[in-house]
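Engineer: These protein sequences, in sequence, are chains G and F. If you number the first sequence the way the numbering used here does, the last residue is 381 and the count never jumps. If you number the second sequence the way the numbering used here does, the last residue is 1381 and the count never jumps. Every residue, glycine too, gets a C-beta built ideally from N, C-alpha and C.
2 protein chains.
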Amino acid sequence: MSLEAAPAVASGPSGSAASLGTVRVVGTGLLGTSVALGLTAAGGRVLLADSSPTALALARDLGAGQPDPGGVPCDLVVVAAPPDVTAAVVRAELAAHPQATVTDVSSVKAGILQQVADGGGDLARYVGGHPMAGRERSGPVNARGDLFLGRPWVVCGTDASDPARVDVVRRLALALGATPVTLSAQAHDEAMAVVSHVPQVAASLVAARLRVVDDESVALAGGGLRDVTRIAASDPLLWAQILSANAGPVLAQLQALRQDLDGVIAGLAAIHAEDGPQTAAGARAAVAAVVAQGNQGRERIPGKHGGTPTRYAVLTVVVPDAPGSLGRLFADIGAASVNVEELALEHAPGRAVGLVEVSVLPSVRDTLEQALAARGWHVVT
Amino acid sequence: MSLEAAPAVASGPSGSAASLGTVRVVGTGLLGTSVALGLTAAGGRVLLADSSPTALALARDLGAGQPDPGGVPCDLVVVAAPPDVTAAVVRAELAAHPQATVTDVSSVKAGILQQVADGGGDLARYVGGHPMAGRERSGPVNARGDLFLGRPWVVCGTDASDPARVDVVRRLALALGATPVTLSAQAHDEAMAVVSHVPQVAASLVAARLRVVDDESVALAGGGLRDVTRIAASDPLLWAQILSANAGPVLAQLQALRQDLDGVIAGLAAIHAEDGPQTAAGARAAVAAVVAQGNQGRERIPGKHGGTPTRYAVLTVVVPDAPGSLGRLFADIGAASVNVEELALEHAPGRAVGLVEVSVLPSVRDTLEQALAARGWHVVT
C-alpha cells in the first residue's frame, strides 16, 4: 500500500459532479448507466466502457456520456460489472489508470476486496461501494440518473485506503443525491445478510408454499401475506449470484434461523402429538417465544429518516376505488395539517372499495380522525 | 344430526341485520363487541353476554347492545370467546338455545368442529365462521362496528349442516359488510396455514435475526425488510394459541419450508466450502431454484378485488416530507384520471423526502409520468 498517488480530483464544491473530474464508468447496465446519466446531468465529465459495443452505444444514445476513446487520464473509475467479474475488472482498472480512484457498485463487498488484494491491486486507491437501489429492476433501459436519490450508498474504506480516495467515493454518492454510509466490507456484508439476503430467502420460501394450495385458498391472502412475499418476485439468477457471493454471512444467519424454526417445529409437533391445544404448555411457550423475539427485532428497525423507531397511530380509511379518491383523501389530510408517516393501500376482495392505512404521530391521531369524519370519510381505525 | 329445528330467523331482506332476529353475542372482546356494534348500528337486536361483568358493562356502554337478561329466545348466537374455550362455549350455547343457529369467530376451525361433535353438539345448527379482520389490534376499546367491512368472512358448513343455518351465517357476514366465503373447516385451516400462519412464523424468524446486529447495520433496512417483518409486531400469546390450534397443517407446511431451507443452506455451504462463487455451479442452481419457486408462488396471489393477478407499472415519486405533499400528489394523479392500484411510502434515510411508489395499470403509466412531470413532480421510476 502506498499513498504516493495524490488524489487527482478537480477542485469544486463538495458533492458536485464536476469536482470529481473525469469519471470512467465500466459496465453500462442498470447501475452503471444510471451513475453515468446522473453525473452527466449534474455537469460531470463521463466516459463509458463496456465489453458489449451494443450496450455501450445504447448508453451513449441515452445521453449517459461518450465512449472512452482510450488514453484519457481518469480521476475516478466506477466499475459496474456483474458481481462475478467485478474484482478482475477492478484490478485491471487500477493497473490501467494509475492515478485514478477505483470503486465498484456490487452488493457484496468482502469477497471482492479480498480478490483485489490477492491480485496485488492497490488498496490505497480501491474503495468499494454499494448504492442500495435498483435491484428490483434491471437493464440499461431502466437506468435513471436519479436512481440513487435519497438511498443509502455504503462506502467501504479499509485501513489501507487513502482517506482522500474514500472522500472521493463519498462525494460520488453525494453528487448522485445518495446518502453515504461508512462501513467495513465485512460489516457491510454481515449487515446485508440480515437486512436484505435472509429476508429475500424467507420471502421466497413462504411464497414457494403458495404453489401447492388451490385458488380459493390463495384468494384469502391478506395484507400480511402480500407484505411478506412482495420481494419474492425478484430475479432468481441475480439472487443466486448475490447469495453465493455472501455465502458465509448468509449461511450463518440461515443456520441460526433454522435453529429457531426447529424450535417452532418441535413445539408444534409436541402440541400436535398431544392432540389438542390444552396440553403441552411448555411447547406453546416455545412458540410464543419466537413471536416475542420477532417483536424485539422488529422494534429495532429505525423509523423514518433513520431516527429512533416511533410507534405510529394507524387510521384505516375506506376509499372508493375510483380516480381522484386518494387525491381527495390526502388533500383532506393535508388540510388538517397532519403529516403522513407511513401508508399502505389494501383492496377488499370482491368489492369496489380500498382500505388505506394511514400512520400518523399518536399526538395528531384524534385530530385527524375528527377532521376526516367531518369531511365525510369512513374511518375504520 | 337432525333437521327438526327449523331456522328461526325473521323474514326480511337478505343481508339486513334485522332479518337475523335476536342475536346473542357471547364474549365482548374486540371481535364480539365489533359484531354487536355493527349489528346494532344496522338495526339489529343484540343481546350481550360475557363471563366478566366489567367487560359486559363496557360493551353496553359502548352501545353494542343490552346484557342478556336470560330466558329470551335467540335466533342466532355468535360465540366470540378465546380460541381455547370456544368449543365448550359453542356446546353450551347449542344446549341452552335449542332453536338457535350457533356460530363462532375463531381463526382455526377444524379442531373446534371436532370438539363440538365429540361433545354431542348439534352439528345441524353449529356453523363455524372466521371473519378475517382485526387480529393486529385487540380489546373491546378497539372494537368498531365496521371492522369487517370489505373483509372475507369464511363460513364453514359441513355435510351435517342445515343449509338454512349456513345461509344465516352468510347473512350475518353480509349484514356486517363482509364478503362470505364458503370453505370446509379442514380446507380453511390448511389455507390459513399457508396464507397466514406460516408467513407469521417466517416474519418473526426474520425479525428475530435483527436482535443481533448493530444500529448502523439496522439503519440500512430498506423497504424489503420492512415489508417482510411488518406482521412480526403481532401478539405472541395470541399467536401461540392460533399456531397451537392449527398445529397439524402449520407443522406440515413448516416442515416443507424447512426442507426448501435446507436446500438453500446446503447450496450455500457447498459454495462457501469452495471458497468462491466461481465454483459449485450446481449449488448456485439450487439457490436460484428456490427464488424461482418463490416467483411462481408470488404470482398466484390474486390482484385487487380478487381478480386475476395483474402486473402493474410502478412509478416512484419524490415527495417533500411535509403536510399536504401527498395531497397535492394524489390530487395531481386524480386530475390525470389515473387510478392508483397499489401504493407504498418509503422514507429516505437521513433526508427530508419520501419516495412514494405508485402502481398503475401499464396502459396508463406513460400518461401518468408525463402528467406528473408536467406538474413539477420528480418521478424516479
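Which of helix, strand or coil does DSSP assign to F:Val1009?
Structural biologist: For this step, residue 1009 of chain F is matched to residue 9 along the second sequence. Residue confidence is low: F:Val1009 scores 33 on pLDDT, short of 50, so the model does not pin down where it sits. Its coordinate-derived value is still stated next. Coil.
Engineer: Going by C-alpha to C-alpha distance, which of G:Gly297, G:Pro199, G:Gly128 and G:Ala175 sits closest to G:Ala187?
Structural biologist: Locating residue 187 of chain G in the first sequence gives position 187, where the first residue counts as 1. Nearest of G:Gly297, G:Pro199, G:Gly128 and G:Ala175 to G:Ala187, Cα basis: G:Gly128.
Engineer: In the DSSP assignment, what residue or residues form a beta bridge with F:Glu1342?
Structural biologist: The count along the second sequence starts at 1 and reaches residue 1342 of chain F at position 342. According to DSSP, F:Glu1342 bridges with F:Ser1359.
Engineer: Buried or exposed for G:Val380, please, with buried defined as at least 16 other CB atoms from any protein chain shown within 10 angstroms of its CB.
Structural biologist: For the purposes of this step, residue 380 of chain G is identified with residue 380 of the first sequence, where counting begins at 1. Burial call: buried.
Engineer: Starting from the Cα of F:Ala1335, find the closest Cα among F:Ala1374, F:Pro1320, F:Leu1062 and F:His1378 and give me that residue.
Structural biologist: If you number the second sequence from 1, residue 1335 of chain F lands on position 335. Among F:Ala1374, F:Pro1320, F:Leu1062 and F:His1378, the Cα nearest to that of F:Ala1335 belongs to F:Ala1374.
Engineer: Going straight from the alpha carbon of G:Thr86 to that of G:Arg24, what length do you get?
Structural biologist: For this step, residue 86 of chain G is matched to residue 86 along the first sequence. For this step, residue 24 of chain G is matched to residue 24 along the first sequence. Their Cα atoms are separated by approximately 15 Å.
Engineer: Among the residues of its own chain, which have a CB less than 8 Å from the CB of G:Arg409, if the five just before and after it don't count?
Structural biologist: Limits of chain G in this structure are 1 at one end and 381 at the other, which puts residue 409 of chain G out of reach.
Engineer: Specify, as a first and last residue, the run of the alpha helix (DSSP H) that G:Ala175 falls within.
Structural biologist: For this step, residue 175 of chain G is matched to residue 175 along the first sequence. Looking at the DSSP string, the run of the alpha helix (DSSP H) that includes G:Ala175 is Pro163 to Ala175.
Engineer: Skipping 5 residues on each side, what residues in its chain have a beta carbon closer than 6 Å to that of F:Asp1260?
Structural biologist: If you number the second sequence from 1, residue 1260 of chain F lands on position 260. Counting only Cβ-Cβ distances below 6 Å, and skipping sequence neighbours, we find Val1290.
Engineer: Should F:Leu1237 be labelled buried (16 or more other beta-carbon atoms within 10 Å of its own) or exposed?
Structural biologist: Taking the first residue of the second sequence as position 1, residue 1237 of chain F is located at position 237. Flag for F:Leu1237 reads exposed.
Engineer: CA-CA distance, G:His272 and G:Ile265?
Structural biologist: By one-based count along the first sequence, residue 272 of chain G stands at place 272. By one-based count along the first sequence, residue 265 of chain G stands at place 265. If you take the alpha carbons of G:His272 and G:Ile265, they lie about 10 Å apart.
Engineer: Residues of the segment 1219-1240 of chain F in Cβ contact with chain G at a cutoff of 7 Å, in chain order, please.
Structural biologist: If the cut-off is 7 Å between Cβ atoms, the segment 1219-1240 of chain F has Ala1219, Leu1220, Ala1221, Gly1222, Gly1224, Leu1225, Arg1226, Asp1227, Val1228, Thr1229, Arg1230, Ile1231, Ala1232, Ala1233, Ser1234, Pro1236, Leu1237, Trp1239 and Ala1240 near chain G.
Engineer: Please name the residue in G:Ala100, G:Gly27 and G:Pro140 whose C-alpha comes closest to that of G:Gly121.
Structural biologist: By one-based count along the first sequence, residue 121 of chain G stands at place 121. Checked all of G:Ala100, G:Gly27 and G:Pro140; the closest Cα to G:Gly121 is G:Ala100.
Engineer: The beta strand (DSSP E) with F:Trp1239 in it runs from where to where?
Structural biologist: Here residue 1239 of chain F corresponds to residue number 239 of the second sequence, with the count starting at 1. Looking at the DSSP string, F:Trp1239 is not in any beta strand (DSSP E); the run it does join, the alpha helix (DSSP H), is Pro1236 to Ala1245.
Engineer: Measure the C-alpha to C-alpha separation of G:Val78 and G:Ser107 and round it to an integer number of angstroms.
Structural biologist: Translated into the one-based positions of the first sequence, residue 78 of chain G becomes position 78. Translated into the one-based positions of the first sequence, residue 107 of chain G becomes position 107. So the two alpha carbons sit approximately 14 Å from each other.
Engineer: Taking DSSP as the reference, what is the three-state secondary structure of F:Asp1104?
Structural biologist: What you label residue 1104 of chain F is simply residue 104 of the second sequence in a count that begins at 1. DSSP places F:Asp1104 in strand when its eight states are reduced to three.
Engineer: Check whether the Cβ atoms of F:Gly1036 and F:Ala1017 sit closer than 8 Å, and answer yes or no.
Structural biologist: Position 36 of the second sequence, counted from the first residue, corresponds to residue 1036 of chain F. Position 17 of the second sequence, counted from the first residue, corresponds to residue 1017 of chain F. Rather than Gly, the amino acid found at residue 1036 of chain F in this sequence is Ala. No. Outside cutoff.
Engineer: Taking three-plus beta-carbon pairs below 8 Å as touching, is the segment 1167-1180 of chain F in contact with the segment 1188-1206 of chain F?
Structural biologist: Judged by Cβ distances under 8 Å, the segment 1167-1180 of chain F makes no contact with the segment 1188-1206 of chain F, as fewer than three pairs qualify.
Engineer: So which residues of chain F does G:Ile265 contact, with C-beta pairs closer than 8 Å?
Structural biologist: The count along the first sequence starts at 1 and reaches residue 265 of chain G at position 265. Those are Leu1251, Leu1254, Gln1255 and Arg1258, listed as they occur along chain F.
Engineer: Taking only beta-carbon positions, decide if G:Ser217 is within less than 8 Å of chain F.
Structural biologist: Locating residue 217 of chain G in the first sequence gives position 217, where the first residue counts as 1. It does: the Cβ of G:Ser217 has a partner Cβ on chain F nearer than 8 Å.
Engineer: Spatial neighbours of G:Trp377 within its chain, please: CB distance less than 6 Å, with the 5 preceding and 5 following residues excluded, ordered by chain position.
Structural biologist: As a working note, residue 377 of chain G is residue 377 in the first sequence. Here the set comprises Val317.
Engineer: Rounded to a whole number of angstroms, what is the C-alpha to C-alpha distance between G:Leu149 and G:Ala42?
Structural biologist: Indexing the first sequence from 1 puts residue 149 of chain G at position 149. Indexing the first sequence from 1 puts residue 42 of chain G at position 42. Spanning the two alpha carbons is a distance of roughly 13 Å.
Engineer: Please classify G:Pro83 as buried or exposed, where buried requires at least 16 other C-beta atoms within 10 Å of its C-beta.
Structural biologist: Position 83 of the first sequence, counted from the start, is the residue given in the question as residue 83 of chain G. So G:Pro83 ends up on the buried side.
Engineer: Could you list which residues in chain F have their beta carbon closer than 7 Å to that of G:His272, in chain order?
Structural biologist: Residue mapping note: residue 272 of chain G aligns to position 272 of the first sequence, counting from 1. Per Cβ cutoff of 7 Å: Ala1247, Gly1248 and Leu1251.
Engineer: Distance, Cα to Cα, G:Leu183 vs G:Ala57?
Structural biologist: Looking up residue 183 of chain G in the first sequence gives position 183. Looking up residue 57 of chain G in the first sequence gives position 57. Near 35 Å, if we compare the C-alpha coordinates of G:Ala57 and G:Leu183.
Engineer: Under the assumption that G:Gly267 contacts G:Ala283 (Cβ atoms under 8 Å), give the Cβ distance between them as a whole number of angstroms.
Structural biologist: The residue you call residue 267 of chain G lines up with position 267 of the first sequence. The residue you call residue 283 of chain G lines up with position 283 of the first sequence. The Cβ separation is near 4 Å, so the contact holds.
Engineer: What does the alpha-carbon distance come out to for the pair G:Leu382 and F:Ala1269?
Structural biologist: The structure shown has nothing for residue 382 of chain G, since chain G only spans 1 to 381.
Engineer: Return the CA-CA distance between G:Leu345 and G:Cys74, expressed in angstroms with no decimal places.
Structural biologist: Stepping through the first sequence from its first residue, residue 345 of chain G is reached at position 345. Stepping through the first sequence from its first residue, residue 74 of chain G is reached at position 74. G:Leu345 and G:Cys74: Cα-Cα distance of roughly 48 Å.
Engineer: Jot down the residue ranges of each uninterrupted beta strand (DSSP E) in the segment 1058-1132 of chain F, minimum 3 residues, whole runs only, in chain order.
Structural biologist: As far as the segment 1058-1132 of chain F is concerned, its whole beta strand (DSSP E) runs of at least 3 residues are 1076-1079, 1101-1104 and 1128-1131.
Engineer: Tell me, please, whether the CB atom of F:Ala1288 is closer than 8 Å to any CB atom in chain G?
Structural biologist: Mapped onto the second sequence, residue 1288 of chain F falls at position 288. Yes, F:Ala1288 counts as interfacial toward chain G.
Engineer: Could you work out which residues of chain G lie near F:Val1079, taking near to mean beta carbons separated by less than 9 Å?
Structural biologist: Here the question's residue 1079 of chain F lines up with position 79 in the second sequence. By Cβ distance, chain G contributes nothing, its closest Cβ being about 17 Å from F:Val1079, past 9 Å.
Engineer: Quick check on F:Gly1063: buried or exposed, where buried means 16 or more other Cβ atoms within 10 Å of its Cβ?
Structural biologist: Stepping through the second sequence from its first residue, residue 1063 of chain F is reached at position 63. Classification for F:Gly1063: exposed.
Engineer: On a Cα-Cα basis, can you pick out the residue from F:Thr1158, F:Val1155, F:Val1154 and F:Ala1133 that is closest to F:Asp1146?
Structural biologist: By 1-based counting over the second sequence, the position of residue 1146 of chain F is 146. Comparing Cα positions, the closest option is F:Ala1133.
Engineer: Please compile the residues from chain F whose C-beta is within a distance smaller than 9 Å of the C-beta of G:Asp189.
Structural biologist: By 1-based counting over the first sequence, the position of residue 189 of chain G is 189. None at all; the shortest Cβ gap to chain F is about 10 Å.
Engineer: Hey, would you say F:Leu1343 sits closer than 8 Å to G:Leu343, going by beta carbons?
Structural biologist: Indexing the second sequence from 1 puts residue 1343 of chain F at position 343. Indexing the first sequence from 1 puts residue 343 of chain G at position 343. Yes.
Engineer: In or out: G:Asp167 buried (at least 16 other Cβ within 10 Å) or exposed?
Structural biologist: Taking the first sequence and counting its residues from 1, one reaches residue 167 of chain G at position 167. Under this definition G:Asp167 is a buried residue.
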